[in-house]
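Under UniProt numbering, the sequence shown has 94 at position 94, and the numbering climbs by one with no breaks. Backbone N, C-alpha and C fix where the C-beta goes; we use that ideal spot for every residue, glycine too. Computed from a prediction, not measured in an experiment: that's the story for all the values here.
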Amino acid sequence: MGTTVDELTRQTRPSIMASKAFGNGLKELRFLFCQTSEHSAATRSFLTRNYPTMKKANPSLPIMIREASGTEPTVYARFDFGKERKLALKGLDDKAIEQQVVDLVQKGS
1 MGTTVDELTR QTRPSIMASK AFGNGLKELR FLFCQTSEHS AATRSFLTRN YPTMKKANPS
61 LPIMIREASG TEPTVYARFD FGKERKLALK GLDDKAIEQQ VVDLVQKGS
């Protein structure tokens, strides 16, 4: 069973994401993962805890959440001029995903 966006927006916790307004160069952040598999559990946990703060700090940024059965957990960041970076999240824990997303966004812009 997947987590709805409404559920994500109701759950918050302090994190480094709370203070991260992503740069103007970032045009979209897209998370792909399986809604039931164990290898996507950390990604689901990360999004449950951090989606509300990321969205609050970046209200006009599209933050897409795509759930599909059997999908490997991955994040895509799309920047100016169609530049896109991809990062596999399989095997990372919640905190490691948080740091990787911050690094991905900072290095790509």
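query, result
"Spatial neighbours of Asp80 within its chain, please: C-beta separation below 6 Å, excluding the five flanking residues on both sides.", "Gly25"
"Tell me, to the nearest whole angstrom, how far the beta carbon of Glu84 is from that of Arg78; I am working on the premise that it is less than 8 Å.", "5 Å"
"Give me the Cα-Cα distance between Met64 and Gly23, rounded to the nearest whole angstrom.", "17 Å"
"What's the C-alpha gap between Ala88 and Phe33?", "10 Å"
"Have a look at Asp93, Gly82, Tyr76, Pro62 and flag the residue whose alpha-carbon is nearest the alpha-carbon of His39.", "Asp93"
"Any idea if Arg66 is buried or exposed, counting beta-carbon neighbours within 10 angstroms, 16 or more meaning buried?", "exposed"
"With a cut-off of 8 Å on the beta carbons, I'd call Thr48 and Phe31 a contact; round off their distance for me.", "Not quite, the Cβ-Cβ distance comes to about 12 Å (not below 8 Å), so this is no contact."
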